[in-house]
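Here's the structure, in structure tokens; my notes come after.
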DNA sequence: CGATTAATTGTGATCGTTCACAAAGAGGAG
DNA sequence: CTCCTCTTTGTGAACGATCACAATTAATCG
């Protein structure tokens, strides 16, 4: 294309680019013999440009290796094309899936994503929000358990659309996207009942924390709907980890009339429950069915494979991004709650 | 602090902030009765400010809820305080750990991180680099297998420090940070020899792909160093997944003189090898030892727990970030290669 | 042929910072 | 009292884009 036959991306020797200076829109304008305005409009098509001019401009851009400066553009338009995501820890596999879901949608719309890890520390959460506001993010997704509503106030006052991930809709001006934990627990319980299990226990974490409470509620509701009389001894509270799951399952099995199936508040705990079953020589799923929540990677790896309710993290991310984009384009109505259903993943343990 | 006793974060009614306009540095200057320059310098301390003035300025900032506009600052200084990270897929658990390691270091230095998923697609890799340049990232970390060196050229020409993750040092002006796959494989092999295993097989992926080749080399070297005669039949090539691991292990066990230990190129494959052992009624680790690489979450969950060489993703991220910061502050010398050692994680399978 | 319209492009201010200069005032020395 | 130094602050021009206006030209019409 260029006279010398070099690759188009290569800047002409002696050009601004070759000297390490990035070419600006004015440089392009000069080379193409037009004004900066025209270059701008050729690029973002806000007003018609004559075919002939457009060609000259594009050639100049190519020749100089020009790339519009997103910072300058953002300053002028007060749109950074950036979305902030504040999460406890990207290392927790739920969040990468969430982030990816958001990017699936945001990337197509030309947005980039800034991720901040807060480790669930309130001070760091507030600092993250401050930093994001300073960076003029166009939208903010906030995923935390321990957040206080007023911490989001600065963002709202700054006119930034905010979506909260998880929890109930509680705050004016903040949308919520969450998984249907209650429904998922119900589906899990129904699945066990369908397969003939009659006495179903639930191993939960510390009372009233996070989505676990919803899951307990869904479990209760499903049993009630099936006409099974509720038995409070079938719900035990332990820690949200593998050892906790093992202890919880053991406690249930020690009952005078032990359950033939246990639902655990998450997969890690369910794997703990499998440990207990193995230790006691119980065959899974014949003697005891075990189900978890989330469908972590390990759920497919253990033997037998863990039947579980997949946490639709990626879907949540997509919905969250869509919601933000809607708000940004103005048409989204009052704050709303979007609930994403979970999906049953059948493996060997039930 | 404020006369009316309201919380300091609350903007005064009628102020710019209350009207939805974010206050600018000039607004602060006006309220404090100084020039914008003085406000700027109180904030970033590039020149001394009288104690009295500083107080007035800080009060004005508090009162207006002023936050410096990072876009404007970046435009003026041509520093965005942003680092780009291009990876195949954040959903692969290696990368979140890497990203987190980078943030551990970058966050403290006031940098934010932009993550781009390329899915290993070359077009998307190039597009990601373009976008990052347009955003004026101050540094770029690039983690891909199939990347061609010339794809990084635009970033280098733009004067952006680039660190490549994995691979060998091959390109002028690009640092490399990688895990010591060869050394890790050697350590794994030595560990098995120490525990009395004598005939060690290796289940690798397709020949000459990624870090697996290094791992094979390290395994070979360790055996040679121990005086064990090399046996090409002990190295099999299959796919990088669970089924591949299972097939590879089966192939080795079908040898006339089967190995008493197998090393797999990653944990997923090792879990496949465990499948094979279970299917054949072999006890692990008595009849057959199994080791993997990476220490994925599932490695701790399977039974028996998988002994493995932890892939120091977070450490790699930290080193990568440190390297970038060094380059940004000017003092980093010629391109270099940083090698991070792996760590042996002992569990039940060896 | 002058006037009106449509198509195309340009001018200059502006977004919110920072930075190179320079100025103003206070205090001390000669 | 003048000159110099030191401390403290201000002025005005950038950075690179966009946008409200306005200007220029060619084409069309009565």
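Chains as they are written, first to last, in the working numbering: chain U, 5 to 354; chain Y, 5 to 354.
Glycine included, each C-beta is placed from N, C-alpha and C at the ideal position.
In this text the structure is predicted, and so the values were computed from the model without any measurement.
So, at 6 Å on beta carbons, what are the nonlocal neighbours of residue i in its own chain, with the 5 sequence-adjacent residues on each side left out?
i                      : result
residue 185 of chain Y : 215, 218, 219
residue 78 of chain U  : 84
residue 170 of chain Y : 182
residue 168 of chain U : 146, 178, 180
residue 353 of chain U : 288, 289, 294, 308, 310, 311
residue 33 of chain U  : 39, 40, 43
residue 61 of chain U  : 36, 43, 46
residue 194 of chain Y : 226
residue 337 of chain Y : none
residue 134 of chain U : none
residue 279 of chain U : 250
residue 6 of chain U   : Confidence at residue 6 of chain U is low in this model, with a pLDDT of 34, below 50, so its placement is unreliable and no value can be given for it.
Under a Cβ-count criterion, where at least 16 other Cβ atoms within 10 Å of its own Cβ denotes burial, should residue i be classed as buried or exposed?
i                      : result
residue 312 of chain Y : buried
residue 81 of chain Y  : exposed
residue 340 of chain U : exposed
residue 90 of chain Y  : buried
residue 205 of chain Y : buried
residue 42 of chain U  : buried
residue 321 of chain Y : buried
residue 105 of chain U : buried
residue 17 of chain Y  : Low confidence applies here, because residue 17 of chain Y scores a pLDDT of 42, under 50, leaving its location unreliable and the question unanswered by this model.
residue 165 of chain Y : buried
residue 44 of chain Y  : buried
residue 319 of chain U : buried
residue 261 of chain Y : exposed
residue 120 of chain U : buried
residue 116 of chain Y : buried
residue 126 of chain Y : exposed
residue 153 of chain U : exposed
residue 224 of chain U : buried
Which chain Y residues are close to residue i, counting only those with a beta carbon under 7 Å from its beta carbon?
i                      : result
residue 270 of chain U : Those do not exist, as residue 270 of chain U stays about 13 Å from chain Y at its closest Cβ, beyond 7 Å.
residue 95 of chain U  : 100, 101, 104
So, at 8 Å on beta carbons, what are the nonlocal neighbours of residue i in its own chain, with the 5 sequence-adjacent residues on each side left out?
i                      : result
residue 245 of chain Y : 272, 273, 276
residue 11 of chain Y  : For residue 11 of chain Y, the predicted structure reports a pLDDT of 36, less than 50, and the residue's modelled location is therefore unreliable. A value from the coordinates is still provided. Closer than 8 Å at the Cβ level, and outside the excluded window around residue 11 of chain Y, lies no residue.
residue 316 of chain U : 183, 344, 345, 346, 347
residue 140 of chain Y : 78, 82, 83, 84, 86
residue 240 of chain Y : 205, 206, 207, 208, 252, 255, 256
residue 155 of chain Y : 126, 129, 130, 133
Strictly below 8 Å CB to CB, what residues from chain Y border residue i?
i                      : result
residue 84 of chain U  : 75
residue 116 of chain U : 118, 120, 135, 139
Go through its chain and collect everything with a Cβ distance to residue i's Cβ below 7 Å, but skip five positions before and after it.
i                      : result
residue 270 of chain Y : 244, 296, 297, 298
residue 343 of chain U : 182, 184
residue 263 of chain Y : 203, 204, 205, 238, 256
residue 114 of chain U : 85
Taking residue i as the query, report the chain Y residues whose CB atoms sit under 9 Å from its CB, ordered along the chain.
i                      : result
residue 307 of chain U : 278, 279, 282, 306, 307
Starting from the beta carbon of residue i, find every residue of chain U whose beta carbon is closer than 7 Å, and list them in chain order.
i                      : result
residue 72 of chain Y  : 138
residue 275 of chain Y : 305
residue 107 of chain Y : 121
In chain U, which residues lie with their C-beta within 9 Å of the C-beta of residue i?
i                      : result
residue 302 of chain Y : 300, 301, 302, 303, 304, 305, 306
So which residues on chain U does residue i lean against when the C-beta distance must stay under 8 Å?
i                      : result
residue 26 of chain Y  : 162
residue 170 of chain Y : Chain U residues near residue 170 of chain Y: none, gap ~19 Å exceeds 8 Å.
residue 47 of chain Y  : What residue 47 of chain Y touches in chain U: nothing, since even the nearest Cβ is about 12 Å away.
residue 79 of chain Y  : 73, 75, 76, 79
- Looking at C-beta atoms only, is the number of pairs between the segment 272-280 of chain Y and the segment 252-260 of chain Y that lie closer than 8 Å three or more? yes
- Counting only runs of 4+ residues fully inside the segment 264-349 of chain U, write out the alpha helix (DSSP H) ranges in chain order. 271-283, 301-305, 317-332
- Is the segment 194-202 of chain U touching the segment 163-177 of chain U in the sense that three or more CB pairs, one from each, lie closer than 8 Å? no
- Counting Cβ pairs, one atom from each stretch, are 3 or more of them under 8 Å apart for the segment 121-134 of chain Y and the segment 122-130 of chain U? no
- Which full runs of the beta strand (DSSP E) of 3+ residues lie inside the segment 217-264 of chain Y, going along the chain? 239-241
- Quick check: the segment 26-42 of chain Y against the segment 283-301 of chain U, are there 3 or more CB pairs under 8 Å? no
- Hey, is the segment 96-105 of chain U in contact with the segment 50-58 of chain U, meaning 3+ C-beta pairs nearer than 8 Å? no
- Query: Within the chosen definition, does the segment 104-114 of chain U reach the segment 315-333 of chain U through at least 3 CB pairs nearer than 8 Å?
  - Reply: yes
- Query: Taking the runs of the alpha helix (DSSP H) that are 4 residues or longer, which of them lie wholly in the segment 24-112 of chain Y?
  - Reply: 29-36, 40-48, 55-68, 74-81, 98-112
- Item | Any beta strand (DSSP E) of 3 or more consecutive residues that is wholly inside the segment 137-208 of chain U | 143-146, 166-169, 178-183, 204-208
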